[in-house]
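Numbering follows this note's numbering, with no gaps: position 19 of the sequence shown is 1. Heads up: the structure comes next, in structure tokens.
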Amino acid sequence: MASSNTESFPLHHRSGDIPCFKLYESDKTLAFLDINPLSRGHALVIPKFHGEKLADIPDDNLSEILPVVKKLVAATGATEYNILQNNGRGAHQEVDHIPKPNTEEGLGIRWPQQKTDMEKMKALYEEIKARM
């Protein structure tokens, strides 16, 4: 079930319940550094409209996602990067938000998360934020 501004992942980040280094925020979109990054500059860009899966989110609430991703790419200086959008546990979705019909046909991605050094993350946040 989709709803706007419910008890959701984005709400917890906006309220401060979950540490958040906000890189971008508008009425529709929130971008922030991942608290368990896979690499330097690993960020999440999410719609503020809460929907369990991509198909549950109105198109208008998705309109800023890729333009914000492009700004992040430019701000980080990344030349090789992945843009992933997972729907459901079988697609390696950690938080409810590339459909796969079953586990045999799921993604084969390994996510070697790194421990977070909050001081280094804060410095990275300031560096990226200044470039946006």
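Virtual Cβ for every residue (Gly too), placed ideally from N, Cα, C.
Which listed residue (the options) has its alpha carbon closest to that of residue i
i    : options                 : result
T98  : D(-1), S8, G23 and K111 : G23
Y118 : R71, G70, N69 and V51   : The question about residue 118 has no answer here: the residues shown for the chain are numbered -17 through 114.
R71  : E34, E7 and L106        : E34
S45  : A112, T11 and K104      : T11
I110 : F14, N43 and Q96        : F14
K102 : D(-1), L36, T61 and N18 : N18
M114 : D9, T58, P29 and K30    : T58
Simplified DSSP state of residue i, which is helix, strand or coil
i      : result
E101   : helix
Y6     : strand
T61    : coil
I28    : strand
L66    : coil
A36    : Looking at the sequence itself, residue 36 is Leu, so the reference to Ala does not match. Looking at L36 - three-state DSSP - the assignment turns out to be helix.
L20    : coil
M(-17) : Note on M(-17): pLDDT 39, under 50, position unreliable in the model; no value is reported.
Inter-residue spacing [alpha-carbon to alpha-carbon] between residue i and residue j
i    : j    : result
L20  : A112 : 22 Å
P1   : H32  : 19 Å
A105 : L26  : 17 Å
L5   : K53  : 10 Å
F3   : D38  : 26 Å
L48  : V55  : 10 Å
P81  : D16  : Since pLDDT at P81 reaches only 38, below the 50 mark, its modelled position is unreliable, and the value read off the structure follows with that caveat. C-alpha separation (whole angstroms): 22 Å.
N43  : I65  : 18 Å
N69  : Q95  : 20 Å
E108 : Q67  : 26 Å
S8   : D41  : 16 Å
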